[in-house]
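For the record, the sequence lines run as chains A and B.
Everything in the first sequence is counted per our numbering, starting at 47 for the first residue and increasing by one.
Everything in the second sequence is counted per our numbering, starting at 5 for the first residue and increasing by one.
Have a look at the structure below before the remarks.
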Amino acid sequence: MSIRLDHVTYTYSPGTAYEMHALKDVSLELPDGHFIGIIGHTGSGKSTLIQHLNGLMRPTSGHVYFNDEDIWGEKYDRRNLRFHVGLVFQYPEYQLFETDVITDVCFGPKNQGLSEEDRMKRAEEALRQVGVDESLFRKSPFELSGGQKRRVAIAGVLAMNPDVLVLDEPTAGLDPMGRDEILGTVAGLQKQRGITVVLVSHSMEDVAEYVDQLIVMNHGEKAFDAPPREVFSHYKELEKMGLAAPQMTYIMHALKERGLDVDVHATTIEEAEESILHALGRK
Amino acid sequence: MFKDITIGQYYPADSLIHKLDPRVKFVGTLIYIISLFVFHTWGYVLGTVFLFSVIRLSKVPLGFMLRGLKAIWILLIFTMVLNLFLTQGTVVWQFGILHITREGIGTAAKMGIRLVYLIIGCSIMTLTTTPNKLTDAMESLFRPLRKVHVPVHEIAMMMSIALRFIPILMEETDKIKKAQMARGADFESGNVIQRVKAMVPILVPLFVSAFRRANDLALAMEARCYHGGDGRTQMRPLVYQSRDLAAYAVLLAYLAAAIVLRAVLHW
Numbered sequence: 047m048s049i050r051l052d053h054v055t056y057t058y059s060p061g062t063a064y065e066m067h068a069l070k071d072v073s074l075e076l077p078d079g080h081f082i083g084i085i086g087h088t089g090s091g092k093s094t095l096i097q098h099l100n101g102l103m104r105p106t107s108g109h110v111y112f113n114d115e116d117i118w119g120e121k122y123d124r125r126n127l128r129f130h131v132g133l134v135f136q137y138p139e140y141q142l143f144e145t146d147v148i149t150d151v152c153f154g155p156k157n158q159g160l161s162e163e164d165r166m167k168r169a170e171e172a173l174r175q176v177g178v179d180e181s182l183f184r185k186s187p188f189e190l191s192g193g194q195k196r197r198v199a200i201a202g203v204l205a206m207n208p209d210v211l212v213l214d215e216p217t218a219g220l221d222p223m224g225r226d227e228i229l230g231t232v233a234g235l236q237k238q239r240g241i242t243v244v245l246v247s248h249s250m251e252d253v254a255e256y257v258d259q260l261i262v263m264n265h266g267e268k269a270f271d272a273p274p275r276e277v278f279s280h281y282k283e284l285e286k287m288g289l290a291a292p293q294m295t296y297i298m299h300a301l302k303e304r305g306l307d308v309d310v311h312a313t314t315i316e317e318a319e320e321s322i323l324h325a326l327g328r329k
Numbered sequence: 005m006f007k008d009i010t011i012g013q014y015y016p017a018d019s020l021i022h023k024l025d026p027r028v029k030f031v032g033t034l035i036y037i038i039s040l041f042v043f044h045t046w047g048y049v050l051g052t053v054f055l056f057s058v059i060r061l062s063k064v065p066l067g068f069m070l071r072g073l074k075a076i077w078i079l080l081i082f083t084m085v086l087n088l089f090l091t092q093g094t095v096v097w098q099f100g101i102l103h104i105t106r107e108g109i110g111t112a113a114k115m116g117i118r119l120v121y122l123i124i125g126c127s128i129m130t131l132t133t134t135p136n137k138l139t140d141a142m143e144s145l146f147r148p149l150r151k152v153h154v155p156v157h158e159i160a161m162m163m164s165i166a167l168r169f170i171p172i173l174m175e176e177t178d179k180i181k182k183a184q185m186a187r188g189a190d191f192e193s194g195n196v197i198q199r200v201k202a203m204v205p206i207l208v209p210l211f212v213s214a215f216r217r218a219n220d221l222a223l224a225m226e227a228r229c230y231h232g233g234d235g236r237t238q239m240r241p242l243v244y245q246s247r248d249l250a251a252y253a254v255l256l257a258y259l260a261a262a263i264v265l266r267a268v269l270h271w
């Protein structure tokens, strides 16, 4: 179920005063079962990029392949593609519209043509997996708190049983606890369901902890595409792009400069702790 | 669907028309609309020359002007067809109860030209004037009406807010539509009833968000002590420059010419 982008370029309003290249010659591959992070500052083309993954945007030039099939081929069923590549937009809670939570989550499965019974089963499963309590199933989505709404909206995409789950800044506007919960849930889902997860973010801390492949976007171009450790070792270049490596990278580099033999590739607090203790000879 | 609406879409450029005082452009548009209804036959040549000179001066691509027509082409065809078939006079073509008269052709053509020029005329104003300046102009022009207790400032404020929200809500609609498409919503197939039903997942979130935004805006305005128009000053008050007076002179000359053509020469 891999997705491949081949020299994709996307231009907004070509031929007018508002012309803007949102993507410039981007080629990349999102292999099966991986947890992939896409990072970049505001306006770097992240959101445009992910809308190409499920055929919501058509490349101005270049090709997008899903399972080696060109999704803009003549007879390709793009609506069906969207059930395989589930896309959760930024602030997804603003898309809720049904009278109660469970019916809203059923919207996707209903569009897939599933029976009432199957829909409910899928919806209940998805809601449970994102941690929405059963007592809320029959409530209006507009009565819920912001964090709960977001969970419901994510469940709405998850209920379609996608092979690839793409999330555009799922933690935007949440408090630290809500952020950790959502990311933890997503990481759990990725392991549990074995699906590919694409996480868009502009926080290095968010992605450092979970992803095994990190794509850095800068001015519509792919700047890096490597495991996070490797990307973070370019922290000086990242800074020039208006990004930053996780704080641990800076601490570890500073410690190393002062003569402590630590692993500069440590990105999470846990890894850093272990490496520092090791260097101090306490382990 | 929404992409075709050019009214309220500003096209930035550095031109004489852009620099004119918005009041001149507002009055000019009114004069132009009046002239369209004064013209009878050959007067439209004058209207055409005037329109295209202004378009040239505005430095806005012609394609942008014509885009506004997409939104009204159904109305345009409807008007023209009705006039074509329903006008009494000398019959030139007949089929059953349908007939086309010489007068019908004339009226249909006239109506077509009027509608098209009207839309282009208004597009020039909105493409070269930011919505804010336009409402400033209206507020200033209608200020005398305050004497008869018309809430001019409030109306102008409502208009500028409404105009400001058009692009925001359009963008929002696009976002919600895409989000629902990502969940497999289908807006293209099915009969009329199914298509209308398919709009519900867009309309409900759109209304919710419109109310939320309205609420936020009201709060933000109150937080900045907004209390209506009394005693309110402007950051950039409208002041006529010499070029604005010249433009008024040109407009008056144009209107006079239109009236003379009609009254004296019967064009």
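Heads up, the beta-carbon is just placed ideally off N, CA and C, and yes, glycines get one too.
Only a predicted model underlies this, so the values are computations on that prediction, with no experimental measurement involved.
A straight-line Cα-Cα distance of about 40 angstroms links K23 (chain B) and M263 (chain A). At the C-beta level, L131 (chain B) and Y258 (chain B) stay beyond 8 angstroms of one another. Annotated three-state conformation of R328 (chain A) is coil, per DSSP. Q175 (chain A) and T134 (chain B) have their C-alpha atoms spaced approximately 49 angstroms apart. Secondary structure at K268 (chain A): strand, using DSSP grouped into helix, strand and coil. Around the Cβ of D214 (chain A), a 10 Å sphere holds 16 or more other Cβ atoms; the residue is buried. Scanning the region 157-205 of chain B for uninterrupted alpha helix (DSSP H) segments of 4 residues or longer gives 196-202, listed from N- to C-terminal end.
Selection A:L229, A:E276, A:D150 evaluated against V198 (chain A) yields A:D150 as nearest (Cα-Cα). Residues of chain B whose Cβ lies closer than 7 angstroms to the Cβ of N100 (chain A) are, in chain order, A186.
Interface with chain A (8 angstroms Cβ-Cβ cutoff): D190 (chain B) is included. Residue range 281-286 is occupied by the alpha helix (DSSP H) that includes K282 (chain A). Contact annotation: P60 (chain A) and T106 (chain A) have beta-carbon atoms nearer than 8 angstroms.
The alpha-carbon of G108 (chain B) is positioned some 42 angstroms away from that of L173 (chain B). What P138 (chain A) touches in chain B, judged by beta-carbon distance under 8 angstroms, is A183, going in chain order. Under the Cβ distance rule, N157 (chain A) counts among the residues neighbouring chain B, one pair being separated by less than 8 angstroms.
In this structure, the CA atom of G202 (chain A) is about 25 angstroms from the CA atom of G91 (chain A). Taking 8 angstroms as the threshold, the shortest C-beta distance from I180 (chain B) to chain A falls below it. The Cβ atoms of P216 (chain A) and I200 (chain A) sit closer than 8 angstroms to each other. A Cβ-Cβ separation of about 10 angstroms leaves L76 (chain A) out of contact with I96 (chain A) under the 8 angstroms criterion.
Within the region 175-207 of chain A, contact with chain B at the beta-carbon level (separation under 8 angstroms) is assigned to F188, G202, V203, M206. Assignment of I49 (chain A) by DSSP, reduced to helix, strand and coil, places it in the strand class. Counted as a single uninterrupted DSSP element, the alpha helix (DSSP H) harbouring V254 (chain B) occupies residues 246-267.
Pairwise C-beta distances place the region 66-83 of chain A out of contact with the region 278-285 of chain A, as fewer than three of them are shorter than 8 angstroms. Check the Cα spacing between K195 (chain A) and each of A:Y140, A:L326, A:A290: the tightest is with A:Y140. With its beta carbon less than 8 angstroms from one in chain A, P209 (chain B) belongs to the interface. Of the other Cβ atoms in all chains shown, fewer than 16 fall within 10 Å of the Cβ of I38 (chain B); this residue is therefore exposed. Counting only the Cα atoms, E144 (chain A) lies some 34 angstroms from H87 (chain A). DSSP, read as helix, strand or coil, puts A224 (chain B) in helix.
Spatial neighbours of I117 (chain B) in its own chain (CB-CB distance under 7 angstroms, excluding positions within 5 residues in sequence) are listed in chain order as Y48.
Within its own chain, the residues whose Cβ lies closer than 7 angstroms to the Cβ of G193 (chain A), once the five positions on either side in sequence are excluded, are L220, G224, listed in chain order. Under the DSSP definition of a beta bridge, H109 (chain A) partners with A:D52.
Remark: C-beta atoms of V131 (chain A) and H98 (chain A) do not approach each other more closely than 8 angstroms. C-alpha of T295 (chain A) to C-alpha of P222 (chain A): approximately 21 angstroms in a straight line.
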